[in-house]
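This report concerns only the one structure given below.
Protein chains in written order, with our numbering: chain S, 15 to 256; chain Z, 10 to 322.
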């Protein structure tokens, strides 16, 4: 864990309520699948946001406006600064991916898949990415994943783009060596059932501190009690109690 | 920080005596906000602390309450963790050795229970641990049913816990009191009469939030303990009332987040000051407070912190 001040270099709208923010600062030690915890003026608790990408001294976050904190973030401009705790959570374990991993992101579960995808490709792996959204105008980052060189499948619930249905419909008939997934809990449960291999799930929970001190985000697993912020947010399929 | 406020800490004495053990400063991270220390040791040397009160320990391992356990409030938060801890045996065999690697001073053990027998069992075991300097007996957890706070809401119940644990321990016993009572002074006096060596207060205040969209309580356990700067004035008031009513040291806590708050708590009668929720939003909170103490002492012309304990006019 590190505590430092970052400067916003960009804060743009991606869809009607999803934003992309890039920040410059001390990114040392940030791994894919981790999150940062952001202090915002006038709000007591920090806001945990997953890392979308991190290269050099630039950190990319993609967030959906869901409450006071993210609304406040969406109103910030380049040049403003933010107090961040970085290096939080365990992150994804890339060593288990095999040669052809499947990456499944749903909604704001899509961003953490980006850095993972980039790193897997850098290691010579051939990832397939499934991006799940409700409808076409909510889709973001399809082109960015394609630009990395990944095979990309889009699933929309109303069929307005790509495969009609859920990410699990897109999983039908795919061959993959391992999987990584992040998204809303009903999607994670569906992926858990539909998946043919072992894999890693990234979870969300309401947090107090975000670094393991308050026990606010604990969950039960087959291998004991885990703090989503510390031993998570990434848990392995074999330890999850669904 | 401007140069006129850059003050050498050696000019100012921040040392206080807490029941026979000298603290380098009165700053003590509160139980439940600091784990067993090692998460914080990742970002600063926690040996700068006076001491810290480790995670509330019970006889058996506890998972605690279902999630969500946390709700935000204006200038504060509600938690309903419910005393999650690995149980006293694992605390002794696994957590204390890890704690010892990052903290070399006497530590404050925090103990909770659901029956007199449980308090006795856990305190007796913890008392034998060399690094434990004090035992803070929590009779005020608002987040568990049939225990904790049940003992802390009547003078008789509080006294019974104190008498029972005093009989099986050698270390100073500090009783942590609940603010969720009609007369905290009566309870503090009952603890003193039963042999308590010190009092710490206040634990969190019982609170609740409701989600407007779902119309359900935000917290799965419905209610939880409210903490943070919003409760500071209540804490100062109760520390003042208790410190003036008993002749044993009082540790003040409740919303403390700055060196100024520390001074105010001490003026109200606190010998030492616990810092709770502030650690969760700023993991460096206690370090910043300790480093800022000399500046604030200079500003208010305080040379020795001991001189201001209970100094409110």
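Here a beta-carbon is modelled for each residue, glycine too, at the ideal position from N, C-alpha and C.
Option in the options with minimal Cα separation from residue i
i: residue 23/S; options: 42/S, 34/S, 142/S and 125/S; result: 34/S
i: residue 75/S; options: 30/S, 50/S and 56/S; result: 50/S
i: residue 268/Z; options: 29/Z, 37/Z and 227/Z; result: 37/Z
i: residue 40/S; options: 206/S, 247/S, 73/S and 26/S; result: 73/S
i: residue 46/Z; options: 57/Z, 32/Z, 61/Z and 254/Z; result: 61/Z
i: residue 152/Z; options: 53/Z, 205/Z and 71/Z; result: 71/Z
i: residue 148/Z; options: 176/Z, 186/Z, 318/Z and 164/Z; result: 186/Z
i: residue 150/Z; options: 215/Z, 228/Z, 77/Z and 136/Z; result: 215/Z
i: residue 101/S; options: 26/S, 63/S, 190/S and 232/S; result: 63/S
i: residue 168/Z; options: 141/Z, 203/Z, 181/Z and 138/Z; result: 203/Z
i: residue 130/S; options: 56/S, 115/S and 94/S; result: 115/S
i: residue 241/S; options: 251/S, 256/S, 224/S and 82/S; result: 224/S
i: residue 277/Z; options: 292/Z, 316/Z and 308/Z; result: 316/Z
i: residue 205/Z; options: 172/Z, 108/Z and 225/Z; result: 172/Z
Chain S within 9 Å of residue i, Cβ atoms only
i: residue 289/Z; result: yes
i: residue 343/Z; result: Here chain Z covers residues 10 to 322 and nothing more, so residue 343/Z does not appear.
i: residue 13/Z; result: Confidence at residue 13/Z is low in this model, with a pLDDT of 46, below 50, so the placement of that residue should be treated as unreliable; the coordinate-derived value is given next. Not closer than 9 Å to any Cβ of chain S, the Cβ of residue 13/Z fails to qualify, so no.
i: residue 145/Z; result: no
i: residue 307/Z; result: no
i: residue 55/Z; result: no
i: residue 79/Z; result: yes
i: residue 31/Z; result: no
i: residue 234/Z; result: no
i: residue 217/Z; result: no
i: residue 10/Z; result: The predicted position of residue 10/Z is uncertain, since its pLDDT is 43 and thus under 50; no value can be drawn from it.
i: residue 82/Z; result: yes
i: residue 64/Z; result: yes
Coil, strand or helix - residue i by DSSP
i: residue 13/Z; result: With a pLDDT of 46 at residue 13/Z, under the threshold of 50, the predicted position of this residue should be treated as unreliable, and no value is reported.
i: residue 292/Z; result: coil
i: residue 84/S; result: helix
i: residue 233/S; result: strand
i: residue 183/S; result: helix
i: residue 89/S; result: coil
i: residue 166/Z; result: helix
i: residue 179/Z; result: coil
i: residue 223/S; result: coil
i: residue 217/Z; result: strand
i: residue 251/S; result: helix
Residues that residue i bridges to, as DSSP identifies them
i: residue 38/S; result: 21/S and 72/S
i: residue 116/Z; result: 141/Z
i: residue 169/S; result: 146/S and 177/S
i: residue 190/S; result: Bridge partners of residue 190/S: none, in fact.
i: residue 185/Z; result: 147/Z and 209/Z
i: residue 283/Z; result: 37/Z and 262/Z
Neighbour flag for residue i against chain Z, beta carbons, 9 Å
i: residue 77/S; result: no
i: residue 225/S; result: yes
i: residue 219/S; result: yes
i: residue 17/S; result: yes
i: residue 140/S; result: no
i: residue 229/S; result: yes
i: residue 187/S; result: no
i: residue 232/S; result: yes
Test item: CB-CB of residue i and residue j under 9 Å
i: residue 285/Z; j: residue 264/Z; result: yes
i: residue 184/S; j: residue 149/S; result: no
i: residue 202/S; j: residue 211/S; result: no
i: residue 250/S; j: residue 226/S; result: no
i: residue 141/S; j: residue 66/S; result: no
i: residue 99/S; j: residue 19/S; result: no
i: residue 120/Z; j: residue 314/Z; result: no
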